[in-house]
Amino acid sequence: MTTTKQEVSNAVFDQLETLLDAATEQGDEAVAEHFKALAYALGAHVAVKGKPDHMPDFINAVLEKFGQGIKVGMQIAHGLNGRLDVQVHSVRRD
119 MTTTKQEVSN AVFDQLETLL DAATEQGDEA VAEHFKALAY ALGAHVAVKG
169 KPDHMPDFIN AVLEKFGQGI KVGMQIAHGL NGRLDVQVHS VRRD
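Just so we're aligned: the sequence shown equals residues 119 to 212 in the working numbering.
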């Protein structure tokens, strides 16, 4: 069976939507914790699966998608249209 990129994307989105719904039922503090945990997990997954030499480009690509998601979400949820640019100016490794 071949899984397409769109199928993977839809499956991830659906799972995250289910987790967000569960957090929403518990209130604003739980929603904030949901996003913090999600950010941490995403960072850990990127670090484990990403190639160190390609990390700046990969982070930039991930943040570009993050910005696109915010833009679409603002349109759908609030009827707000606008321009949102996300740029990474530097990534340092110490």
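From the three backbone atoms N, C-alpha and C, an ideal C-beta is built for every residue, glycine too.
{"Query": "Whether A159 touches A148 by CB criterion (7 Å)", "Result": "no"}
{"Query": "Straight-line gap, F131 to K167 (C-alpha atoms, nearest Å)", "Result": "19 Å"}
{"Query": "Chain-order list of residues whose beta-carbon lies under 8 Å from that of E151 (same chain, five-residue window excluded)", "Result": "A141"}
{"Query": "Local conformation of H207 per DSSP, three classes", "Result": "coil"}
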